[in-house]
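J.: Have a look at this one before I ask anything.
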Amino acid sequence: MSVQETLKRDPHGGQLFVFRGRSGGLIKVLWHDGQGMCLLAKRLERGHFIWPQAVDGAVTITPAQLGYLIEGIDWRHQQRTWCPEAVR
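The opening residue of the sequence shown carries number 1 in my numbering; numbering runs sequentially from there.
See the structure below:
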């Protein structure tokens, strides 16, 4: 498994491990929830996932950055895309 062999991490430690496909349009998230290994896969219909620059094969991001990443939003330059109109 890439987590144990390449990243030298414990896949059962409760951390999330996110992998991106070569084209950048697919991500897979692995985590162990205490009972078993869970897998989330997401493919974007358009565009690609903005991927952080990894050092030594791994990078640590915040939960907010992970949320942006999963939604396909450029987490490096978060901008509000919707503003509420004034109450009339």
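For glycine and all other residues, C-beta sits at the position ideal for the given N, C-alpha and C. Fair warning: this is a prediction, and the values are worked out from it, not measured in the lab.
Below 8 Å, how does it come out for the region 23 to 40 and the region 52 to 63: are there three or more Cβ pairs, yes or no?
T.: With a cut-off of 8 Å, the region 52 to 63 and the region 23 to 40 do not count as touching, because too few Cβ pairs lie within range.
J.: Closer than 8 Å by C-beta to G25: which residues in its own chain qualify, once you throw out the five before and the five after it? Chain order, please.
T.: Within the same chain, G25 has close Cβ partners R43, L44, G47, H48, F49.
J.: Pull up the distance between the alpha-carbon of T81 and that of V55, whole angstroms please.
T.: For T81, the predicted model reports a pLDDT of 49, less than 50, meaning its position is unreliable and no value from the coordinates is stated.
J.: Go ahead and pull the three-state DSSP assignment for I70.
T.: Three-state DSSP puts I70 in a helix.
J.: Which partner residues of I27 appear in the DSSP bridge assignment?
T.: The partner list for I27 (beta bridge, DSSP) reads R20, K42.
J.: Give me, in chain order, the residues of the same chain whose beta-carbon lies closer than 8 Å to that of S23; leave out the 5 immediate sequence neighbours on both sides.
T.: For S23, where only same-chain residues beyond five positions count, the Cβ hits under 8 Å are H48.
J.: Report all residues from its chain with a CB closer than 6 Å to the CB of Y68; omit the five preceding and five following residues, and keep chain order.
T.: Correct list, in chain order: W75.
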